[in-house]
Amino acid sequence: IGTVVLTVALSLGIGSYFIYQSERDRQDTMQRLERDLAEQQRERLRAEVQTALNYIAFTRSRTAAVLREVVRPFSAPGTASARDDRGASWAPLPPEEIKQRIIEAKWEELQRQETLERLRTLRIGQTGYLTVNDRDGRILLSPDLPALEGRPLAEVPPRYGAISRLLLDATNRTDAFVEYELPRLDGGGVVHKVAFVGFDPVWGWVIAAGMTDGELQSSIAIEREKALVDQQRQRLRLFLATMLAGALAV
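Residue numbering for the sequence shown follows the numbering used here, starting at 200 and increasing by one per position.
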């Protein structure tokens, strides 16, 4: 009997050790998983901003190419000169250049609006999207709150004004990630968001790609549930193997 008890106790001890080791491994795995998912989220936000900046640069280069073709027949320089009321010498712009500048001003504004509408359609995961502010903080694009678009910083609610300043300040950093809380559209509290911020110096646009932290946590919860099921199966296998080994030893 003593041998049986000793064998069973030893089997249970070995099984408990492996279960404990399995739990430690699971915890380590979950910590690595959370870090990896968070890093994947950040890299995706960074990539989305870079894609938007590349699209803006492409749009701008295409606009310049079109304009060059439009004004090519009118590119002869003028030679007239005059003096202003203070006696300073100046050369009046040729009519062709005046026409060119008018075309450029209207075309660029059209291109900016088309670019904003294109960026409005982009989505990142389930909850992410792009926002655009100008260098003064004015909101140019806010897919969830279009009523704020075009309003100067002084005319937006203080909470949104603070977020605009936060995004603008982030463009001065190398690691331009920010975290902030945004009021829920249904009025039920706030959501925590993580965003990466980029800057287009030509148009002076501050572009942010953001996602809710809840989306990341949902991904982690799904993976945690999978890991828990795997752990329970592993525990059951260890327990059965330990009992079988103990029975054979007896």
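In this text, a Cβ means the ideal position worked out from N, Cα and C, and glycines have one as well. Just so it is clear, the structure is predicted and the values come from calculations on it, not from any experiment.
{"Asked": "Burial state of PHE395 (16 or more Cβ within 10 Å)", "Found": "buried"}
{"Asked": "Short Cβ contact (8 Å threshold) for ASP335 with LEU352", "Found": "yes"}
{"Asked": "Stretch pair the region 374 to 392 + the region 305 to 316: three plus CB contacts closer than 8 Å", "Found": "no"}
{"Asked": "Own chain residues within Cβ distance below 8 Å of LYS305, not counting five before or after", "Found": "none"}
{"Asked": "Rounded C-alpha distance that separates ARG350 from LEU366", "Found": "16 Å"}
{"Asked": "Collapsed DSSP secondary structure at ARG432 in the structure displayed", "Found": "helix"}
{"Asked": "Extent of the continuous alpha helix (DSSP H) run through PRO357", "Found": "357 to 369"}
{"Asked": "THR258 (DSSP reduced to helix, strand or coil)", "Found": "helix"}
{"Asked": "Separation of ARG223 from ARG432, as counted between CA atoms", "Found": "16 Å"}
{"Asked": "Local Cβ density within 10 Å of GLY403, reported as buried at 16 or more and exposed below that", "Found": "exposed"}
{"Asked": "Backbone secondary structure at VAL401 - three-state DSSP", "Found": "coil"}
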